[in-house]
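Notes for the one structure printed next.
Residue numbers (mature numbering (1 follows the signal peptide of the UniProt record, and there is no 0)): -21 to -1, 1 to 1055.
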């Protein structure tokens, strides 16, 4: 009816037209040679009179009005010269309404709003629209060719809707766009809302849109054919790209022709969709569409590349949509997704280089024909393909699936199938032969390099694997203990029960394993929940072999059960019970107010770590159990165990130490160990010459050493007799006093490596070996102290034998002369300090506090030299008694003898008790002969002085340096006050020099007791050299004697202690003990 109205209007307009012909249009007709020529407004007043007319546009025609062609026919607007332009100002526009056969060719429309409505046979060719808007509404049987829509504000908008008068018969119309380019903000918009009132065929051939193409379809009868077209660079908004939107529009049904079924047919081939937000998008409200409306979409031989979404199809589970993708590639897109589609065919499809899974299938039915190749894609779950929501992959007989070199950061490098998807891959009805499946080079971050999910059906005769070595996994998992280093699995029921203490963490390395298609197991992941005594404690995600830690607090001691619930994808499907034992704090630890085990005995700079059972302190301290012979077991409770926490200034390391109570030897130095580092470790022996422990290479070496020392004892006596090196000369008193005191303070005055020859000589003067040797395998401090007694006694035996031989044999007496008694006195004098030091070592006791686990505190007496031995008990009792006997029968009488002999000789000799005193005259003269008559007590005074010095360094640790200086100063002052105690002045000078040197050394040790402030060994070296130089000038014989001893021992490598002296915290007697 509406078409009839258009024909009538055209008839009347043609009968009223002026004439048919051609006219020229220009705003500057003076420059136009053709005629008639007028500006456009001259013709635009009533265009209906110009039917069958051609208007030639020359130059630029300005339009500031509405140029309307209403009910016209056979009108052509054609541009003649190179740039014919219709330029619209303000609200200027061009409109065509109810017209037929209107053509626009070779014209530039600039800033114009162009609207073509209810017309047919409209032709646009060779034109360019730089307009605000171009709208084609119900334009039938029309063509747009070789034209461009450049920067049009709203692009090209094409819409078809109901006619004004409904048709009784189905009409067929067409619209063709060929070689059309669009660069406007909105590209191409096609809206078909005409229902079944007519059938429209739209052809887009070689159409290029730089900003997408949007298609909106209601339940209409149409066919859309797109070929050789390009949609690219459309990212202006979130919907930009190439999209189809189907919706229900009730008004479009008002002119439906009975018996005509609405059907939408879309064919897209040989086209490209690149670099858009959406490469190919399909969506809509399908649930509202007529159940008889069908949508058939075919995409053939197309390239969909580098889009944010390559495919984005959402069918909303509608049975109306049928899609076919044939010979099409999806490359470099971020994501490709098929959702809710019940009929999709993938025929010879390539998917590659996607960033969020190659192809995601959600609640869809996808038929695979021929090849489906998915390569080099990445994703989170499913690198190649992710099948979710009970989707089905229907396989035809020609299907061939390839999943190669894909990667999933989580699960399913090749194929991921979620737990709810049960059917997955199915052959078409009637097919029995297996389908080729290639899984190669796929990887997953957590589980299932090739496949993950309910994949058993994949390999149950459905596929034939081109690569049989594949890795699969699934959600049906077992919780297993594992080794993080070797990935070995241990069943939970075979796992050793853990024992923990308050504050110590339970540590379980666990993993989820799923069964593969071939019966083997591989890693998967899940979540576990720990519940202890009905209380929720921890929830943790587990991937591969993971560590789960839990620290129990404030629970009762004994066995407890951890209830472990396994959750995979939100479904709790397994529960395990894991036992553990909560123990009381181990020995050396106790529970604090925070419920954590810490050090049982609080001490500064001592820390205890219950997790590792490590104890750390800054050194010079020993912590351990009293009974070191019992193996320490932290998991066993021993109510009688006791802890020692005492200073250990000598044998313990001065550096920070970290150890455990089952390895307390770590706190010791020089291969020492056991209680308070008092003895050697297993396999080591105590060395002579120091308190270090070493290996004994030969069990029979003791024989050689005994023989050597026996010979050396004889040689020493013979040497003293032959060279007359005795106290009777008066030159040795100062030297011996100096050597004895320096030996006591050896670690201070003669540190390791300083003046080795002098140190060796001083050691020999003190009857010490001076170098480290292994006397026999297994020697300890007990045996060593017996040897300290043995050597001086051996020397006495030798000299007594010589005396007896001299009395019996005259020749022997003549050979020895008068030197025998002075030598005996000299050896006794030399032995005195050695024996006194040994006695002090043997009698030195240490009280140690024991902190026991039953919270009792007690004290025990231990031998200071070896705390592994109880004081005056066991084997120490014999040594203790012998030391007392030597003290009573030698040390005390000998000391009184030398100190008081001058008084007895001068004041008490007339008493009957001392009538026999003259028998001791040779012995007294051997000591006091070189002295002036008034100072014959001087040797005894020097001897007695050794005792307070020894007691000072033993019991007064902090004041030992200062008191030594005081003693040395007093002796030096007395010698100076007396004006010389020796008959010979040279002897006085020698002794004065030794005493002065000793005072200087003591002064320096007081002033610089930290070796970081001043290395005063250079001072000692210089003073010692001056001393020997002075002796060389005054007494050539003595000098020669010392040179002879040095020459004899030159090849012996001296050794001294390696104890690091820090502050006055150390006892000097300890250091002395270390050196002998």
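Even for Gly, the Cβ is constructed at its ideal location relative to N, Cα and C.
query	result
Looking at the secondary structure, which residues open and close the beta strand (DSSP E) in which residue 675 lies?	Residue 675 -> no beta strand (DSSP E), and no H or E assigned at all.
Have a look at residue 806 and residue 771 and give me their C-alpha separation to the nearest angstrom.	8 Å
For residue 480, which three-state DSSP category applies?	coil
Ignoring anything shorter than 3 residues, give me the beta strand (DSSP E) runs that lie fully in the region 240 to 290, in order along the chain.	242 to 248, 251 to 253, 257 to 263, 273 to 279, 282 to 284
Please state the DSSP three-state secondary structure of residue 98.	strand
Ordered along the chain, which non-local residues of its own chain (more than five positions away) have a Cβ less than 6 Å from that of residue 257?	220, 222, 288, 291
Does DSSP classify residue 860 as helix, strand or coil?	helix
Which residues in the same chain as residue 348 place their Cβ atom closer than 8 Å to its Cβ, once the five residues preceding and following it in sequence are excluded?	324, 325, 326, 327, 375, 377, 378
Quick one: what does DSSP say residue 491 is sitting in, helix, strand or coil?	strand
Could you give the residue range of the alpha helix (DSSP H) that holds residue 800?	799 to 822
What first and last residue would you give for the alpha helix (DSSP H) that runs through residue 44?	Careful: residue 44 lies outside any alpha helix (DSSP H) and carries neither H nor E.
Using three-state DSSP, classify residue 1011 as helix, strand or coil.	The predicted position of residue 1011 is uncertain, since its pLDDT is 45 and thus under 50; no value can be drawn from it.
Exposed or buried, what is residue 316 when buried is set at 16 or more other beta-carbons lying within 10 Å of its beta-carbon?	buried
On the three-state DSSP scale, how would you describe residue 966?	helix
Could you spell out where the beta strand (DSSP E) holding residue 380 opens and where it closes?	379 to 383
Ignoring anything shorter than 3 residues or poking outside the region 516 to 564, list the beta strand (DSSP E) runs there in chain order.	525 to 529, 537 to 547, 550 to 561
Under 8 Å between the Cβ atoms of residue 255 and residue 286?	yes
In whole angstroms, what is the alpha-carbon distance linking residue 149 and residue 82?	27 Å
Could you check how far apart the C-beta atoms of residue 419 and residue 446 are, in whole angstroms? I think they sit under 8 Å.	5 Å
Note the first and the last residue of the continuous beta strand (DSSP E) segment covering residue 350.	344 to 354
Please report how far the alpha carbon of residue 723 lies from the alpha carbon of residue 874, in whole angstroms.	19 Å
Any idea what DSSP makes of residue 415, helix, strand or coil?	strand
Since residue 630 contacts residue 651 with CB under 8 Å, what's their CB separation in whole angstroms?	5 Å
Are residue 59 and residue 41 closer than 8 Å when you measure CB to CB?	no
Identify the continuous beta strand (DSSP E) that holds residue 713 and give its terminal residues.	Unbroken run through residue 713 is the alpha helix (DSSP H), 712 to 723; no beta strand (DSSP E).
Out of 475, 226, 310, state which residue places its alpha-carbon closest to the alpha-carbon of residue 243.	226
With 16 other CB atoms within 10 Å as the buried threshold, where does residue 919 fall?	buried
Tell me whether residue 913 sits in a helix, a strand or coil according to DSSP, three-state version.	helix
Taking the alpha-carbon of residue 387 as reference, which of 336, 408, 181 has the nearest alpha-carbon?	336
Just mark residue 465 as buried or exposed, buried being the case when its beta carbon has 16 or more other beta carbons within 10 Å.	exposed
Would you mind reading off the limits of the beta strand (DSSP E) that contains residue 504?	500 to 511
Report the rounded CA-to-CA distance for residue 649 versus residue 904, giving the unit in angstroms.	47 Å
What's the call for residue 538, buried or exposed, on a 16-neighbour Cβ count within 10 Å?	exposed
Tell me the DSSP secondary structure of residue 758 in three-state form.	coil
Where does residue 674 land, buried or exposed, given buried means 16+ other C-beta within 10 angstroms?	exposed
If you reduce the DSSP assignment to three classes, tell me which class residue 868 lands in.	helix
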